[in-house]
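Have a look at the structure below before the remarks.
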Amino acid sequence: MNTITLIQPDDWHAHLRDGLALQRTVPDLAKQFSRAICMPNLVPPVKTVEEAEAYRERIMAHVPEGVNFDPRMVLYFTDQTSPEEVKKIKASAHVNAIKLYPAGATTNSDNGVSDIRKVYAVIEQLEEQQVPLLLHGEVTHNHVDIFDREKRFLDEVLSPLLQQFPNLKLVLEHITTSEAAQFVLEQGRNVAATITPQHLLFNRNDMLVGGVKPHFYCLPILKRQTHQQTLLEVATSGNPKFFLGTDSAPHSKNAKENACGCAGCYSAPTAIELYAQAFDQVGRIDRLEGFASFFGADFYGLPRNTNTITLVNEEQIIPTSLDYLDGEQIIPLYAGKTIQWRKV
Ligand code: OTD
Ligand code: ZN
Ligand code: ZN
529 MNTITLIQPD
539 DWHAHLRDGL
549 ALQRTVPDLA
559 KQFSRAICMP
569 NLVPPVKTVE
579 EAEAYRERIM
589 AHVPEGVNFD
599 PRMVLYFTDQ
609 TSPEEVKKIK
619 ASAHVNAIKL
629 YPAGATTNSD
639 NGVSDIRKVY
649 AVIEQLEEQQ
659 VPLLLHGEVT
669 HNHVDIFDRE
679 KRFLDEVLSP
689 LLQQFPNLKL
699 VLEHITTSEA
709 AQFVLEQGRN
719 VAATITPQHL
729 LFNRNDMLVG
739 GVKPHFYCLP
749 ILKRQTHQQT
759 LLEVATSGNP
769 KFFLGTDSAP
779 HSKNAKENAC
789 GCAGCYSAPT
799 AIELYAQAFD
809 QVGRIDRLEG
819 FASFFGADFY
829 GLPRNTNTIT
839 LVNEEQIIPT
849 SLDYLDGEQI
859 IPLYAGKTIQ
869 WRKV
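Just remember that the numbering used here sits 528 ahead of the position in the sequence shown, which is counted from 1.
Below, the structure is given as structure tokens:
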């Protein structure tokens with residue numbers, strides 16, 4: 529097959545940042561995706577519907593002319609979030625969900641929830657209003673090995689949470705392990721997961737063998753190959769519980785290539801082609817459209833897009849470096865490497 533035409537995809541998990549970064553991130557995403565869930569881990573975080581509306585305006589100011597892009601907003605869940613704010617989300621035209629980061633789990637998550645049991649009143653309201661709770665599913669205790677943090681979260685936090693709130697609408701974001709995939713499969717239709725391109729295409733060997741490759745470092749960290757295989761299986765299975773969320777997370781070259789390098793892969797410029805590559809590698813390009821364009825919208829209760837994009841089966845070399853901020857550079861995921869799909 530030389531070309532495929534898909535209903536335009538959406539990205540259900542992206543970091544666009546703020547200020548000058550938007551000059552890079554908004555056009556990169558908007559040239560492929562119709563909608564994107566814009567993650568709220570700014571400094572300071574986006575905690576109220578009002579703040580989310582203001583952030584959305586700043587994003588909209590960078591959408592290139594003639595391009596339709598509809599940023600979908602998310603609030604950052606803190607120990608102080610009130611149940612009232614959930615009603616405001618429900619009533620909002622632009623805000624779709626709330627994001628829970630266990631405090632300290634990833635970039636700018638210091639204001640995250642310190643103990644999920646403290647916020648059960650808000651979660652009760654989420655369940656009642658059917659507002660999706662988006663989860664960074666890792667425990668953060670120092671003594672838990674970084675490769676085990678997702679699995680421990682399932683056992684220690686998520687299982688009890690779903691026992692308490694069985695009808696909670698929930699997205700386990702950026703799953704990285706067989707255990708997480710299995711967990712999601714065992715739940716009802718109210719529980720779904722996003723999967724990133726890096727966790728489908730790579731494993732920890734890509735990051736660590738032959739030298740440390742900081743541009744593969746993200747959180748949750750890449751796992752062993754068996755997990756990668758399971759993620760590929762579920763992503764390409766046609767099961768609507770699994771859908772596209774790039775977790776594209778820009779950091780400048782200097783911040784990544786550093787004695788204490790930041791976590792995050794910048795996949796936005798070629799995200800849909802990277803997913804096409806992953807699906808094609810397992811002979812399942814026919815399943816890309818459901819994963820990329822239908823299942824997320826269905827889960828969020830938003831209409832499916834109607835316009836289309838076309839990908840051709842043609843080599844493209846991912847740029848080695850892109851301009852970012854004022855005079856800095858950013859290294860996109862898989863920079864300088866050749867992939868087999870290109871968006872026309
Ligand atoms: N992971 N980096 C970032 C966020 C994600 O956990 C995430 O959602 C970031 O830089 O904002 C990362 O590695
Ligand atoms: Zn996360
Ligand atoms: Zn993220």
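Glycine is no exception: its CB is placed at the ideal position from the N, C-alpha and C atoms. In this text, all values refer to a predicted model and were calculated from it rather than measured experimentally.
Nearest-angstrom Cα separation, counted from F819 out to I532
Whole-angstrom Cα-Cα distance: 15 Å.
Taking its Cβ as the centre, do 16 or more other Cβ atoms sit within 10 Å of C788, making it buried, or is it exposed?
The residue is exposed, with fewer than 16 neighbouring Cβ atoms inside 10 Å.
Taking C-alpha atoms, which residue in I723, I867 and N695 lies nearest to A708?
In this structure, I723 is the residue among I723, I867 and N695 with its C-alpha nearest to the C-alpha of A708.
Got a list of residues with beta-carbon closer than 6 Å to any non-hydrogen atom of ligand 2, in chain order?
Qualifying residues, in the order they occur: T634, H664, E701 and H702.
Which runs of the alpha helix (DSSP H), 4 residues or longer, sit entirely within the region 702-739?
Entirely contained in the region 702-739, the alpha helix (DSSP H) runs reaching 4 residues are, in chain order, 706-714, 725-729 and 732-736.
Looking at the unbroken beta strand (DSSP E) that takes in R600, where does it start and where does it end?
Segment D598 to Y604, the beta strand (DSSP E) holding R600.
Beta-carbon spacing of H590, P537 below 8 Å
P537 is positioned such that its CB atom lies no closer than 8 Å to that of H590.
Rounded to whole angstroms, what is the Cα-Cα separation between C566 and E842?
Between the alpha carbons of C566 and E842 lies a distance of about 30 Å.
Complete alpha helix (DSSP H) runs within the region 618-697 (minimum length 4 residues, chain order)
Taking only runs of at least 4 residues, the alpha helix (DSSP H) segments lying wholly in the region 618-697 are 648-657, 677-681 and 687-692.
Would you say M567 touches ligand 3, meaning its beta carbon is less than 7 Å from a heavy atom?
Yes; taking the cut-off as 7 Å, the Cβ of M567 has a heavy atom of ligand 3 nearer than that.
CA-to-CA distance, G829 to E714, given in whole angstroms:
Each residue's CA atom was taken as its position, placing E714 and G829 some 22 Å apart.
What would DSSP say about E785, mapped onto helix, strand or coil?
Coil, per DSSP.
On the DSSP letters alone, give me the boundaries of the beta strand (DSSP E) that R563 sits inside.
Membership of R563 in the beta strand (DSSP E) is indicated by the continuous run R563 to C566.
Nearest by alpha-carbon distance to G792: which of K781, Q868 and N670 is it?
Nearest of K781, Q868 and N670 to G792, Cα basis: K781.
Note the first and the last residue of the continuous beta strand (DSSP E) segment covering F770.
Per DSSP, the unbroken beta strand (DSSP E) holding F770 starts and ends at F770 to L772.
Could you check whether P797 and L759 sit closer than 8 Å to each other, using their CB atoms as the reference points?
Not closer than 8 Å, so no.
Please classify K697 as buried or exposed, where buried requires at least 16 neighbouring CB atoms within 10 angstroms.
The residue in question, K697, is buried, as its Cβ has 16 or more Cβ neighbours within 10 Å.
T764 classed as buried or exposed, judged by whether at least 16 other C-beta atoms fall within 10 angstroms:
With 16 or more Cβ atoms within 10 Å of its Cβ, T764 is classed as buried.
Straight-line gap, N833 to N569 (C-alpha atoms, nearest Å):
When rounded, the distance between both Cα atoms is 27 Å.
What first and last residue would you give for the beta strand (DSSP E) that runs through L850?
Start and end: L850 to Y852.
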